[in-house]
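Asker: For the sequence shown, the residue numbers in the working numbering are 2 to 66.
Ideal Cβ placement from N, Cα and C applies to all residues, glycine included.
These figures come from a predicted structure and were not determined experimentally.
Next up is a structure, given as structure tokens.
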Amino acid sequence: MAFEIEVAAPSAGDRPRPDGGDIRKMTAAEIQPVARALAQAFYDDPRFRWFVRDDAKRPPEFRSA
Numbered sequence: 002m003a004f005e006i007e008v009a010a011p012s013a014g015d016r017p018r019p020d021g022g023d024i025r026k027m028t029a030a031e032i033q034p035v036a037r038a039l040a041q042a043f044y045d046d047p048r049f050r051w052f053v054r055d056d057a058k059r060p061p062e063f064r065s066a
């Protein structure tokens, strides 16, 4: 499974505010990229591998969740 990931160095502005004032709902345009990022992040996670054991099925099931 090959993914292309762009990595940018975080800045001070990337850190969450302690009061949570920067938390917001995702926009419709952000749903697919966030779903892909989560599928990539948890693809090899042992706990998630237990739920969906077939490697070929795991990413699509995460994206549709």
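#1: If you reduce the DSSP assignment to three classes, tell me which class E31 lands in.
#2: So, using beta-carbon positions, are F49 and F43 closer together than 7 Å?
#3: Assuming R48 is part of the alpha helix (DSSP H), what are its boundary residues?
#4: Given E7, which residues of its chain have a CB within under 6 Å of its CB, disregarding the five upstream and five downstream residues?
Answerer: So, from the data block:
#1: For this step, residue 31 is matched to residue 30 along the sequence shown. The answer is helix: DSSP assigns E31 an H, G or I state.
#2: The residue you call residue 49 lines up with position 48 of the sequence shown. The residue you call residue 43 lines up with position 42 of the sequence shown. Against a cut-off of 7 Å, the Cβ pair of F43 and F49 comes out as a contact.
#3: The sequence position of residue 48 within the sequence shown is 47, counting from 1. Looking at the DSSP string, the run of the alpha helix (DSSP H) that includes R48 is P47 to F52.
#4: Start at 1 with the first residue of the sequence shown, and residue 7 comes out as number 6. Excluding sequence neighbours, E7 sits near nothing in its chain.
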